[in-house]
Amino acid sequence: MTRYGTDGVEMRGSFSRFHVGGNSAVHGGVLPLLFDHMFGMISHAAGRPISRTAFLHVDYRRITPIDVPLIVRGRVTNTEGRKAFVCAELFDSDETLLAEGNGLMVRLLPGQP
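Going by numbering that gives the first Met the number 0, 110 is the number at position 111 of the sequence shown; the sequence numbering is gapless.
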């Protein structure tokens, strides 16, 4: 975690051979997991109450390679009552956009697990 605040979250890291889907590229199913985790961190950093992911969409822009430094940045783009609309982008170290995600986080109701 390289940035964590109400204005957004940034994380840096890399994927390894354990994340390969084929041809030394990160499996496409791993990226929604990354964005879902990021959306939870974004919501928490923005001071939102405990929320659940209600919607998650990923646009794959380029192949995400393994064993290279990556950066993911995200933020809350809008709020409406219990809803927080979030977005995040995944970049390589040259700031090439690899994937972007958009989501909806919904605050839990009292007593909701």
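Yeah, the Cβ is synthetic: ideal placement off N, Cα and C, and Gly gets one too.
Query raised in the report: Among residues of its own chain, excluding the 5 on either side of Ser23, which ones have a beta-carbon nearer than 8 Å to its beta-carbon?
Result: Pro64, Ile65
Query raised in the report: When you compare only the Cα positions, how much space is there between Gln111 and Asp93?
Result: 43 Å
Query raised in the report: Ordered along the chain, which non-local residues of its own chain (more than five positions away) have a Cβ less than 7 Å from that of Thr5?
Result: Ala44, Ala45, Gly46
Report task. May I ask you to report which of helix, strand or coil DSSP gives Phe14? Result -> coil
Requested in this report: Quick one: residues in its chain with C-beta nearer than 7 Å to the C-beta of Leu97, no 5 flanking neighbours on either side, listed in chain order?
Outcome: Arg60, Arg61, Thr63, Leu89, Phe90, Asp91
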